[in-house]
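Chemist: Here's a structure for you.
Residue numbers (the UniProt record's numbering): 1 to 318.
Here it is, written out as structure tokens:
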């Protein structure tokens, strides 16, 4: 299965082609396209991510920021616009790799779960199997995302002039010096509990909305989609934006817990149960949704960019 190349920049034709492709070749294409999609995601979405993390990790007793707008204002006022891109090196390098892992792993699991690959194109994989493939993808990508997000968060929460880190490399060196390589995986279990439902929702929403268009808005069933129908770029952006929102809504409390664990520099790292207890004492259930607004705002353009770049990269390589 491949995307047919058309000289129409506003549309992508999803068409079943007959030329066979080995799993390894397809894996490589998904890896490259995923990397490019990840870079696009970071460039578009990182300022919102910085605001999200700062709101998630600030004290509820004496908060530094009154809300999303105030966090943007204070950050630009004190650090310049570049402050919104603080810690961007880690995700720019890491999320490119993470997205490569996401899309190549998801493609692999979709092929693995296809009951009859000779007769059924992967695009017609059921949404149940699509969700299972997404969950398995979350397990794989958690190994990449944990150290990437640890470094990013440690940088993002440094708001003053007296940062304890001189750079990303120094941040990593200090963590390893203090806790060994295991220190880079602080918050791994919390990351894992986030990624499994996050990517199940992510790919279910993307393929569900994609199916809706390919079924002429009559059904989200994968079995009845018209693979020769063109998908316009604007609708790919809609699919990407919706998938980003679904990803966060299915996993946001876990993300708050993960961020709190990863920002901790105490000699004894709090576990999930202790972190949940702390958040409940500070903010009750509302604490598990701190920073949700910038996360959802970021999710739409960032994931729209991700999927458009991914699909066009796959189109060009095919």
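No residue lacks a Cβ here, since even glycine has one placed at the ideal position from N, Cα and C.
1. Indicate the three-state DSSP secondary structure (helix, strand or coil) for residue 253 in the structure shown.
2. Starting from residue 311, trace the alpha helix (DSSP H) in both directions and tell me its first and last residue.
3. Would you please state the rounded distance, in angstroms, between the beta carbons of residue 135 and residue 199? I believe it to be under 8 Å.
4. Which of helix, strand or coil does DSSP assign to residue 265?
5. So, helix, strand or coil for residue 120, using DSSP?
6. Straight-line CA distance for residue 112 to residue 295?
7. Run through DSSP, which three-state label would residue 231 get?
8. Classify residue 285: buried if its beta carbon has 16 or more other beta carbons within 10 angstroms, exposed otherwise.
9. In this structure, does DSSP put residue 1 in helix, strand or coil?
10. Go through its chain and collect everything with a Cβ distance to residue 154's Cβ below 6 Å, but skip five positions before and after it.
11. Grouping DSSP H, G and I as helix and E and B as strand, with all else coil, what is residue 183?
12. What span of residues does the alpha helix (DSSP H) with residue 66 cover, start to end?
13. Of all the options 312, 279, 163, 79, which has the alpha carbon lying nearest to the alpha carbon of residue 60?
14. Kindly indicate the opening and closing residues of the alpha helix (DSSP H) around residue 197.
15. Classify residue 275 as helix, strand or coil using the three-state DSSP reduction.
16. Please report the straight-line C-alpha distance between residue 30 and residue 282, rounded to a whole angstrom.
17. Nearest CA to the CA of residue 78: which residue from 119, 88, 65?
18. Ordered along the chain, which non-local residues of its own chain (more than five positions away) have a Cβ less than 8 Å from that of residue 317?
19. Taking residue 84 and residue 291 to be in contact with their CB atoms under 8 Å, please state how far apart those CB atoms are, rounded to whole angstroms.
Modeler: Based on what the coordinates show:
1. helix
2. 292 to 317
3. 6 Å
4. coil
5. coil
6. 32 Å
7. strand
8. exposed
9. At residue 1, the pLDDT of 43 sits below 50, so the modelled position is not reliable and the matter cannot be decided from this model.
10. 171
11. helix
12. Segment: none, residue 66 is in no alpha helix (DSSP H) and carries neither H nor E.
13. 279
14. 188 to 214
15. helix
16. 43 Å
17. 65
18. 29, 32, 33
19. Between residue 291 and residue 84 the Cβ distance is about 14 Å, and since that is not below 8 Å, they are no contact.
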